[in-house]
Structures are given as structure tokens and as C-alpha cells.
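Here the sequence shown is numbered in the working numbering, starting from 17 and rising by one per residue.
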Amino acid sequence: MYIEKCLNNGTAYLRLVKSQRILNDKGVKTVRKKIILNIGPLSKFDDGKPDFVERLKKSYKAGNPIIDSLKDFIETDSNAYQTYHLKINEGSESCIGHPKKFANTLIECILEELGVTPFVNRYKSIFGANFDLMGFVRLLIYGRILSPASKIGTINQNDDYIDPIIKDPYKYNIYDTLDFVRDYKKPLLTRINNNLVSKFNRKTDIVYYDVTNFFFEIENPDDDIINEDNTITKGIRKNGVCKEERKLPIVQMGLFMDDKGLPISIEIFSGNTLDHQTVKPALENSIDNLNMPRFVFVGDRGICESTSLSHLKELGHGWVVAKSIAKSKQSDKDWIYDENGYIFQSNDFKYKSKIATRTITKDDGSTDTLTEKIVVYWSKSFFEKQKHENKSFTDFIEKLKKNPTNFRITSSYSKLIKKFLKTDVVNIKTGELVNSKELLAMIDDEKVKNFESTMGYYQIISSELNKNESEIINIYHGLSRIEDQFRTMKGTLDTRPLFVRTPEHIEAHLTLCMIALTVIRIIQNKIVNYQHYNKIGNSKIKKDKITRDKYWQMGLSGDRLQDALNKWNVDILSDGYYRFNDIDNVDLKLILDAFNITIDKKLYTKNALKSIKTAIKIIQ
């Protein structure tokens, strides 16, 4: 380590730096300077005598620096380690450990690079906040990542950090903070997206979208409100199809995500809003305002109706979306199940495609023409999956056919079985045709065989006529990654059940959860890059570039990441010393190594702790 003088806007500053060799994004070793301590402006320490900087450097090398704050960073001989003499009296608070969270140091650095911190500080006065607005935002995001709790519970975590985030917080300012996040959601997410593009090399050539929902522990849904002008404001917490199959009011959330799992934006909808009804409003409210270059929109079956695809077309974007085979025209089904034209990659996978044009009617009554590549494939793995999912039902049909009079049909099976019944059956005694409702339900074996023969087939439609079938299929399969982020939100971040009740606070809560998810994904991607360039954890990696799939095969899960960050804490000892705990934890060490954070085996002073944050470089 050495001392250097640098200029900042024409002002001379002193800092302690260390040269080190690191791997850049291309996997090439390069020498970088790591700032260990920002000492301060030269004018603050200059004693007016000649050659102050040179004298300071010599005094530091000699182990007796002129500036006291440098004493904690004196490099000593490896055989002459410092000995600590701590004085702890019986009855002192120091006799009992009070570990304090330190992981917020890394989270804060990421929030600064994302632009969250400067954004909030800039708009604080415009919003009219007379309290520590950024402190409350920090608490909400730190708490969601490290120790998810209710809003008031999160405020009660204020003293759990190495330094309290807010001095004497008034807990109800938490709801004012939610108002701020809701009011400034769009410009805040725009700032974050711009920084992800400029600093984190975000690519948005592919945009994934899916819908999930979150439940509320309340008995009754919200009422709709009739306004004075006779318009209706829908209640946000409504009964709908809950992903967790809970019979509770829910709210729908649409999430946009890039190909590295980094969120782009969210939109919320009433709980009884159908998935496909969210797409166009979500695009209009979020993505259309971000001025993104052309991208390919990826959505699941039931998500994208033709009006949404027409909207994407008007803005110059493309799409790769799944389409239900069951809801396709009979002529399309005949083509899908016809063996002619299939290309066999192996006995386990085959595909074919065609170009088709269709005319659709938009919301305003006008028409549009969509020309698309239709790709269908059969996969043995998908066939086995469907077969397993339907095994209990197909077994039920066989048992029913063998002994129909003694077999009880449950209400759930009664709905499913209708499509397998013969429309008419023969009355054995008279030979006349009668309606099946008047007789014992009989199974149509041909329909059962047809059902089983359709297993394993999948259909995708795309605007990307020049992409081959494999490219389109691979792009679509990336959609499964968004489910990982929903699991992280619902599990690691403990997003639900929601305890806020107004639409504004619900949207603010989910926006903060989205930002927390972004922080987690940045840490995970950093780990992936570190593992890749150091050939850690995956010996099969040979390419210089990380493929999209590699981002999902390495790194730490959300739960492991959360556990590791919670181990990064500090004990407060006597005589102004601090001790790190569990730094040798495998997962925590992986995080620290990925960000090139060095925690030496020593006790730390307050200044030395501050220097750790100063030295953290999110962008390298």
C-alpha cells in the first residue's frame, strides 16, 4: 500500500491505495489500483512545511504516519503481528455479543451505482419530505433482502446494523416513503434501467414477461368505487385464480425481465384481471416509456392475445410466444399431428415450421395483418412430463371403465371427464341412439387415444421469420427463468402475504421488492462472472463468453445468498475494536471474492471498517 496525491475538480486530495492484479470482463489479468482509504483534502493536513507529501509517505513507510487515521493501515512484517489488549469488566455490555449487520455496506454500494441513492436525494425536496427519506428507502430495501418483515417490523431493525440507518426514526414516515416510491416510480425505474444499460452492460434484445399474484390475509375483496362522473374505480384486492391455490383476495403483478434475470419493470392489476388482459396495459405503462431499442417479447400460453402482438408490431418490436394447441383451428391441429415435414434431431426430439399470415381485429375495431413463423416440436421429456402430470386421471378412466357402477366420480373429475364421453351411445335393448346424459356415462376410447397422442407437442409463434427453429425454441425456453425470480420474490424476499392495503402502497411495496430483486440478481451475476473467469464450480466451462444459460447454472440461489449475507456481521468489542464473524463461510467468501473484498484476519477500528466500503467497486 502507498499514499498518492490526486486532483478532484482542481482540489488536491490524499488517499491510500493498493496495486493488485485482477481479471477484467474479458478474463485478462490487469493491474488496478484499489482505494483503501480516502484520507481527505491535502489542505486539511498540510502543516505548511516543505515537502509535506513526501514526509507523509516516509512516515507511513516507517510505521509512524503523520496522519493518525493511517495508523490502522500500517503494513507490518508478517512475523510481527499486532497483539490486542482488550479490557472488559464484568457487568459490561461488552461481555455479551451484539452482532451487527454489515452486508448493507455492499447493498448500499449497488444502490448508488443503480442511481437509487442520488435519485431519492434529488427528489426529496420536490416531494416535500422533512425526514430522512433515503434512510427509510434503505431500511425497506435492506430489510427486504436480509430480514423480510412488516413495514413497522422493518423500522424496528434500524439498530441491527453496524450504524443505525436513521437517527430517531418516526415509524409512520414509512408510509410517506411508500407514497414517494409510488409517485416517482416511473422516473426511478427509468434511472435504474439507464444505469443498468450504461454501467452493467444490460442487453434488452429479449424481454420476458409473465404474471403472478400475491395474496392478502383478509376475508373480503375490495369494493369497486363509483366516481362522481359515473366512472368505476376497480378495487385492487379481488378474488381470482391464486397461484398458491389460496381462497383469498389477490393482486396481479406483471414482471418484465431481461435475459440475465434482471427486472426491467412491474405493473399491478386487480386480482380478477385475466393474464392476457395485463400485457398491453403493462407495455404501455412501463416499457413503451423507456425508449428501448427493438426487442423480442417472450410470453407464455394464454398471455398474448393478437391485439398485444399488434401493439408490439406498431412499435417495431417482435415476439416469440407460445400458443395453445387445443385452442388452435382443426386445420392447424391436422398439420401439427401430421408426421410429414418433421425434422428429427434425435428419437427424442423433432420439429417443423411454416410461415402463416392471419388477419386480426384490434380493440378499436380496425384490422391488422400478422405474418408469423409457426414452430411446433415434440419432445420426449415434455411427453414424459405430461404423462406423469395426467397419470392419476388416466388411471381413473381405466378404473371407471372396468367397474363403472361401483366407481365414485368426484366433482373435480366430473368436469375433466366430459371431453372423453361419447356424444351418443347405443341402447343395447332397442338399438336406438340416445343422449348419453340419460344413460351411464361411457368412455370414448378413441378420444382417450387422441388425448394421449397429443402429449409432448408444443407450439410457438414468432414474428422473427429469419430465425431458425432452434433459435426460436431456445428463446422461448428462457421464459422459465422468470419463474425463478417469482420464487425468489415469494420465498427469499417474502413478498407475500401483503399487509399494506391501498393500491398506491401495494404498488410501492412491489416496486421496492423489484429493486431488492435487482440487487440480488446483480450479486448473483457477479458471482457467475467470477466463477467463470476463475473456473470455479463448473469445470465444463471452456468458452471465453458466458452464454445466457450459464447465468442460471452457477452462482448462489436466493436463499443461500440471503443466508450468506446475514452471516456478514460484526461484533462490537471493547476499546473501539470490531470483529467480523463467519468470514470463512463458503458462500460468504464466494460473495466477497466476487467483489474483490478483502477481510483480513484482524480486529478493525471504525475507520478501518469505513475503508472497506470505500474500497468496494461494483463496476470494474
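Glycine included, every Cβ here is placed at the ideal spot set by N, Cα and C.
By alpha-carbon positions, which one of the options ends up nearest to residue i?
i, options, result
"SER369", "ASN210, PRO513, GLU480 and THR289", "GLU480"
"GLY592", "ASN582, ASN601 and LEU625", "LEU625"
"ASN25", "LYS622, SER35, PRO57 and ARG48", "PRO57"
"LEU589", "LYS366, PRO66 and HIS101", "HIS101"
"ILE230", "LEU526, ARG160 and ILE635", "Looking at the sequence provided, one finds Phe at residue 230 rather than Ile. Ranking LEU526, ARG160 and ILE635 by Cα distance to PHE230 puts LEU526 first."
"ARG207", "ARG160, GLY131 and PRO164", "GLY131"
"LYS345", "GLU260, HIS404 and GLN475", "GLN475"
"ILE632", "GLU129, SER59 and LEU30", "GLU129"
"GLN36", "TYR29, THR27, LYS50 and ILE126", "LYS50"
"TYR18", "VAL602, ILE352, PHE61 and ARG71", "ARG71"
"ASN490", "VAL336, LYS396, GLY357 and ASP192", "VAL336"
"ASP148", "VAL213, ASP616, ASN189 and CYS111", "ASN189"
"PHE61", "ILE83, ALA610 and SER75", "ILE83"
"ASN356", "THR511, GLU261 and TYR393", "TYR393"
"TYR191", "GLN547, VAL516 and ILE157", "VAL516"
"SER324", "ASN172, THR614 and ALA298", "ALA298"
"GLY159", "THR630, ASN582 and ASP600", "ASN582"
Exposed or buried, which one is residue i when buried takes at least 16 other CB atoms within 10 Å?
i, result
"THR121", "buried"
"GLU106", "exposed"
"VAL312", "buried"
"LEU194", "buried"
"PHE360", "exposed"
"SER286", "buried"
"CYS22", "exposed"
"VAL78", "Sequence check: residue 78 is Ala here, not Val. Result: exposed."
"ALA342", "exposed"
"VAL257", "exposed"
"GLU405", "exposed"
"THR534", "buried"
"THR375", "exposed"
"ILE607", "buried"
"ASP184", "exposed"
"VAL450", "Unreliable placement is indicated for VAL450, whose pLDDT of 41 sits below 50; the coordinate value is still reported in the next sentence. Burial call: exposed."
"CYS111", "exposed"
"PRO237", "buried"
"ILE296", "Checking the sequence shown, residue 296 turns out to be Lys, not Ile. Buried, since its Cβ has 16 or more Cβ neighbours within 10 Å."
"ASP482", "It should be noted that the sequence gives Asn, not Asp, for residue 482. ASN482 should be labelled exposed."
"ASN95", "Reliability fails at ASN95, whose pLDDT of 49 lies under 50, so the model's placement of it is uncertain and the value that follows must be treated cautiously. Looking at its Cβ environment, which holds fewer than 16 other Cβ atoms inside 10 Å, ASN95 is exposed."
"ALA372", "exposed"
Mapping DSSP to helix, strand and coil, what is residue i?
i, result
"GLY159", "helix"
"MET530", "helix"
"TYR593", "coil"
"CYS22", "strand"
"ASN585", "strand"
"THR504", "helix"
"ARG31", "strand"
"ARG71", "helix"
"SER452", "In this prediction, SER452 has a pLDDT of 35, which is less than 50 and means its spatial position is unreliable; nothing more can be read from the coordinates."
"GLN268", "strand"
"VAL223", "strand"
"THR228", "strand"
"ARG262", "coil"
"GLY169", "helix"
"MET150", "helix"
"TYR620", "strand"
"VAL136", "helix"
"VAL392", "strand"
"ILE284", "strand"
"PRO57", "strand"
"TRP203", "It should be noted that the sequence gives Pro, not Trp, for residue 203. PRO203: helix per DSSP, three-state reduction."
"LYS87", "helix"
"LYS633", "coil"
"LYS50", "strand"
- Item | Minimum length 3: unbroken beta strand (DSSP E) runs contained in the region 353-389 | 359-362 and 365-377
- Meets three-Cβ-pair contact criterion under 8 Å: the region 196-209 and the region 162-181: no
- Which residue spans inside the region 295-356 form an unbroken alpha helix (DSSP H) run of at least 4? 295-301, 322-330 and 346-353
- Query: Is the number of C-beta pairs between the region 214-228 and the region 498-507 that are closer than 8 Å three or more?
  - Reply: yes
- At a cut of 8 Å, does the region 515-529 reach the region 363-380 through at least three beta carbon pairs? no
- Message: Please give the ranges of any beta strand (DSSP E) in the region 463-520, keeping only runs that are unbroken, at least 3 residues long and fully inside the region.
- Response: 473-478
- Between the region 210-222 and the region 294-311, are three or more C-beta pairs nearer than 8 Å? yes
- Determine, using beta-carbon pairs with one atom in the region 397-411 and one in the region 346-358, whether at least three such pairs fall under 8 Å. no
- Message: Assess contact between the region 250-266 and the region 208-217, defined as three or more Cβ pairs (one per stretch) separated by less than 8 Å. Is contact present?
- Response: no
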